[in-house]
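Okay, so here's the structure we're looking at.
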Amino acid sequence: MSSNTIVLLILSFVFFVSEYFFTYKKTNLMDRLTQFIKDIPFFCFNTIIPAYLIKTIFFYYISFLHWASPGYVPLLEGFELSAGLLFFIGFLISDFVGYMTHRFLYHKKLWILHRMHHSSKVVRWHSSFRFNPLELALTTSLIYIIYSLLGIPKYLFYDLLIFNYFINYMAHSELPIGNKYIEKILVTPNYHRVHHSVDINNQRSNYAGVFTIWDRMFCSVNDTPLKNMKLGIK
Numbered sequence: 006m007s008s009n010t011i012v013l014l015i016l017s018f019v020f021f022v023s024e025y026f027f028t029y030k031k032t033n034l035m036d037r038l039t040q041f042i043k044d045i046p047f048f049c050f051n052t053i054i055p056a057y058l059i060k061t062i063f064f065y066y067i068s069f070l071h072w073a074s075p076g077y078v079p080l081l082e083g084f085e086l087s088a089g090l091l092f093f094i095g096f097l098i099s100d101f102v103g104y105m106t107h108r109f110l111y112h113k114k115l116w117i118l119h120r121m122h123h124s125s126k127v128v129r130w131h132s133s134f135r136f137n138p139l140e141l142a143l144t145t146s147l148i149y150i151i152y153s154l155l156g157i158p159k160y161l162f163y164d165l166l167i168f169n170y171f172i173n174y175m176a177h178s179e180l181p182i183g184n185k186y187i188e189k190i191l192v193t194p195n196y197h198r199v200h201h202s203v204d205i206n207n208q209r210s211n212y213a214g215v216f217t218i219w220d221r222m223f224c225s226v227n228d229t230p231l232k233n234m235k236l237g238i239k
């Protein structure tokens with residue numbers, strides 16, 4: 006078992022326990038276990054895809070670049086950037102690409118891919134894995150191709166992956182976290198919960214994954230109150 010898998014399992018346990026004790030919507034343990042079991046197939050399958058794409062897309066795309074453009078030098082290679090700065094650049098790129106693809110998936114012909122993510126009336130930390138595998142493959146492939154072009158080291162991909170899991174767990178959790186000042190910059194569970202409303206107008210808003218700046222830049226912020234809001238799709 007890899008170290009990343011161990012970290013992911015620990016994160017899953019922490020969020021499961023945290024939601025049980027601190028949720029905004031009290032339910033019994035059996036209900037939580039039942040809902041979690043429903044998402045286990047997504048949890049298992051969709052944790053394999055990103056790691057597989059890192060290995061395949063990174064390798065084949067770099068090979069293609071060297072074949073199509075002999076002597077190609079990644080755009081960031083000559084800047085001698087620290088690992089921390091590369092990590093931040095990579096994280097910012099993945100968040101922006103995630104925002105744009107997320108928004109694009111609401112096109113009527115692509116909604117069939119994203120519909121699965123909104124299909125549950127219960128949104129909890131494990132809902133972050135409830136994706137059509139094709140959607141996940143599309144988004145992560147775009148991100149990894151950009152990483153390859155820029156020259157972000159392969160080892161950072163895995164660190165970014167784990168960090169993204171944590172962010173997605175938090176955004177989809179039932180933890181009662183929300184603050185209008187925090188949400189000027191960062192996505193909170195309350196902020197993202199609006200996006201999972203059955204109301205189609207709410208669904209077409211709050212697309213951001215981490216930084217709400219993208220929603221503000223592209224006019225998709227929605228501050229609708231959460232009270233009695235139903236989740237899922239009609």
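Going by this note's numbering, the first residue of the sequence shown is number 6, and it counts up by one from there. Cβ coordinates follow ideal geometry from the N, Cα and C atoms, glycine included.
Nearest neighbour of Leu147, chosen from Ser99, Phe93, Leu231 and Ile15 [CA to CA]: Translated into positions along the sequence shown, residue 147 becomes position 142. Cα-wise, what sits closest to Leu147 is Ser99.
Where do the ends of the alpha helix (DSSP H) carrying His197 lie? Position 192 of the sequence shown holds residue 197. Its alpha helix (DSSP H) spans residues Pro194 to His200.
Would you mind working out which of Thr145, Gly83 and Phe47 sits nearest Thr106, comparing C-alpha positions? Your numbering for residue 106 matches position 101 in the sequence shown. With distances taken between Cα atoms, Thr106 lies closest to Thr145.
If you follow the alpha helix (DSSP H) that Leu135 is part of, which residue opens it and which one closes it? Position 130 of the sequence shown, counted from the first residue, corresponds to residue 135. For the record, residue 135 in the displayed sequence is Arg; it is not Leu. First-last for Arg135: undefined, no H or E at that position.
So the candidates are Ala176, Phe47, Val22 and Leu161; which of them puts its Cα closest to the Cα of Met35? In the sequence shown, residue 35 corresponds to position 30, counting from 1. Of the candidates Ala176, Phe47, Val22 and Leu161, the one whose C-alpha sits nearest the C-alpha of Met35 is Val22.
Per DSSP, the bridge partner or partners of Phe216: On the sequence shown, residue 216 is found 211 positions in, with the first residue counted as 1. In DSSP, Phe216 forms a bridge with Leu191.
State the Cα-Cα distance for the pair Leu13 and Met121, rounded to the nearest angstrom. Looking up residue 13 in the sequence shown gives position 8. Looking up residue 121 in the sequence shown gives position 116. Approximately 23 Å between the Cα atoms of the pair.
Cα-Cα separation between Phe50 and Leu166, rounded to whole angstroms: Walking along the sequence shown from the start, residue 50 turns up at place 45. Walking along the sequence shown from the start, residue 166 turns up at place 161. Roughly 15 Å between the two C-alpha positions.
Alpha-carbon to alpha-carbon, Pro138 and Ile117: Counting from one through the sequence shown, the residue named residue 117 turns up at place 112. Counting from one through the sequence shown, the residue named residue 138 turns up at place 133. If I take the Cα positions, the gap works out to 12 Å.
On a CA-only basis, which of Ser133, Ile11 and Phe96 is nearest Pro46? Give me that one, please. By 1-based counting over the sequence shown, the position of residue 46 is 41. The shortest Cα separation from Pro46 among Ser133, Ile11 and Phe96 belongs to Ser133.
Leaving out five residues on either side along the sequence, give the residues of the same chain with a beta carbon under 8 Å from the beta carbon of Arg198. Looking up residue 198 in the sequence shown gives position 193. So the list reads Val128, Leu231, Met234 and Leu236, once near-sequence residues are dropped.
In whole angstroms, give me the CA-to-CA distance for His123 and Tyr152. On the sequence shown, position 118 is the one that residue 123 refers to. On the sequence shown, position 147 is the one that residue 152 refers to. If I take the Cα positions, the gap works out to 29 Å.
How about Leu155 and Pro79: do their beta carbons lie closer than 7 Å? Translated into the one-based positions of the sequence shown, residue 155 becomes position 150. Translated into the one-based positions of the sequence shown, residue 79 becomes position 74. Yes, Cβ-Cβ distance for Leu155 and Pro79 is below 7 Å.
Look at Ile215 and Val192 and say whether their C-beta atoms are less than 7 Å apart. As a working note, residue 215 is residue 210 in the sequence shown. As a working note, residue 192 is residue 187 in the sequence shown. Sequence check: residue 215 is Val here, not Ile. Their beta carbons are under 7 Å apart, which means Val215 touches Val192 by this criterion.
Start-to-end residues for the alpha helix (DSSP H) that takes in Ser124: The residue given as residue 124 occupies position 119 in the sequence shown. Ser124 -> no alpha helix (DSSP H), and no H or E assigned at all.
May I have the straight-line CA-CA distance separating His131 from Phe171, to the nearest angstrom? In the sequence shown, counting from the first residue as 1, residue 131 sits at position 126. In the sequence shown, counting from the first residue as 1, residue 171 sits at position 166. Roughly 11 Å between the two C-alpha positions.
Looking at the structure shown, is Leu236 part of a helix, part of a strand, or coil, going by DSSP? Stepping through the sequence shown from its first residue, residue 236 is reached at position 231. Reduced to three states, the DSSP call for Leu236 is strand.
Looking only at its chain, what residues have a beta carbon closer than 6 Å to the beta carbon of Ala213, apart from the 5 residues adjacent to it on each side? Here residue 213 corresponds to residue number 208 of the sequence shown, with the count starting at 1. Cβ neighbours of Ala213 beyond the five flanking positions: Tyr104, Val192, Trp219 and Asp220.
Rounded to a whole number of angstroms, what is the C-alpha to C-alpha distance between Val203 and Ser125? Here residue 203 is taken as the residue at index 198 of the sequence shown, counted from 1. Here residue 125 is taken as the residue at index 120 of the sequence shown, counted from 1. Rounded to whole angstroms, Val203 to Ser125 spans 10 Å at the Cα level.
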